[in-house]
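The next block holds one structure in the form of structure tokens; read it before the comments.
In the UniProt record's numbering, the protein residues as written are 1 to 104.
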């Protein structure tokens, strides 16, 4: 999506640069392209946004794979793996968790 907005010269609206926020036509176009790119069931996340930056930030906050959701998802993957002759390495820190499986 970012590359698409960049190709249309609209990404600057998402960044919220002051020289572009005054161009209402460009701002409306950028927000519309973001909204029209999401699936229908996700429109509710964006209906109260006014600017393309608000729309982008709302989508990022809603769908960013981090925090508790990420940990639960990784735990679900970990518990569903059938480890036979494999080595498992789990690296966890404050901001991320990585899972590595090496088959023997």
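Glycine included, every Cβ here is placed at the ideal spot set by N, Cα and C.
Do residue j and residue i come within 8 Å of each other at the CB atom, strictly closer than that value?
| i | j | result |
| --- | --- | --- |
| residue 55 | residue 68 | no |
| residue 24 | residue 1 | no |
With 16 as the cutoff for other CB atoms within 10 Å, does residue i come out buried or exposed?
| i | result |
| --- | --- |
| residue 30 | buried |
| residue 53 | buried |
For residue i, which residues in the same chain have their Cβ closer than 7 Å to its Cβ, ignoring the five residues on either side in sequence?
| i | result |
| --- | --- |
| residue 5 | 11, 14, 30 and 33 |
Quick one: what's got a C-beta closer than 8 Å to residue i's C-beta in the same chain, skipping five residues either side?
| i | result |
| --- | --- |
| residue 21 | 13, 27 and 51 |
| residue 43 | 35 |
Quick check: is any heavy atom of the ligand GDP less than 7 Å from the C-beta of residue i?
| i | result |
| --- | --- |
| residue 24 | Inclusion of the ligand GDP in the displayed structure is not the case, the ligand content being empty and no account of it being possible. |
Thinking C-alpha only, which one of the options is nearest residue i?
| i | options | result |
| --- | --- | --- |
| residue 59 | 73, 71, 39 and 77 | 39 |
| residue 16 | 8, 48, 7 and 57 | 57 |
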